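Enquirer: Take this structure, written in structure tokens, and hold onto it; I'll ask about it next.
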Amino acid sequence: TPSSSDVQLTEDAVRRYLIRKPMTTKDLLKKFQTKRTGLSSEQTVNVLAQILKRLNPERKNINDKMHFYLTE
Amino acid sequence: SSSEADEMAAALEAELNDFM
Numbered sequence: 413t414p415s416s417s418d419v420q421l422t423e424d425a426v427r428r429y430l431i432r433k434p435m436t437t438k439d440l441l442k443k444f445q446t447k448r449t450g451l452s453s454e455q456t457v458n459v460l461a462q463i464l465k466r467l468n469p470e471r472k473n474i475n476d477k478m479h480f481y482l483t484e
Numbered sequence: 286s287s288s289e290a291d292e293m294a295a296a297l298e299a300e301l302n303d304f305m
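Those sequence lines, one after another, are chains A and B.
With the first sequence counted from 1, adding 412 to any position gets you the numbering used here.
With the second sequence counted from 1, adding 285 to any position gets you the numbering used here.
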């Protein structure tokens with residue numbers, strides 16, 4: 413049920429994380445684990461992709477991994 | 286599992302690569 417999920421995958425939540433520090437796609441997926449949001453893996457990937465396309469965050473490589481970040 | 290996380294990350298990056 414929706415009430416069992418304690419984390420919501422929203423544009424606001426993603427923005428807050430990316431303002432705080434640069435994150436890889438894997439870092440973001442860890443923040444919105446399916447068992448915590450109640451979404452399926454496919455939904456999570458699709459929703460996160462849509463949100464990232466809208467936010468259009470800056471990108472930089474740290475330790476050879478692409479990280480997204482936003483500035484306020 | 287970490288392999289599922291890897292698969293999801295790969296799928297997400299593939300989606301975003303079309304856009305970037």
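Think of the CB as a built atom: it goes at the ideal place given N, C-alpha and C, for glycine as much as any other residue.
These figures come from a predicted structure and were not determined experimentally.
Counting only beta-carbon atoms, is S452 of chain A nearer than 8 Å to chain B?
Expert: no
Enquirer: Classify A461 of chain A: buried if its beta carbon has 16 or more other beta carbons within 10 angstroms, exposed otherwise.
Expert: buried
Enquirer: Could you check what DSSP says for K433 of chain A in three-state terms: helix, strand or coil?
Expert: coil
Enquirer: Secondary structure at E470 of chain A, three-state DSSP: helix, strand or coil?
Expert: strand
Enquirer: For V457 of chain A and chain B, any beta-carbon pair shorter than 8 Å?
Expert: yes
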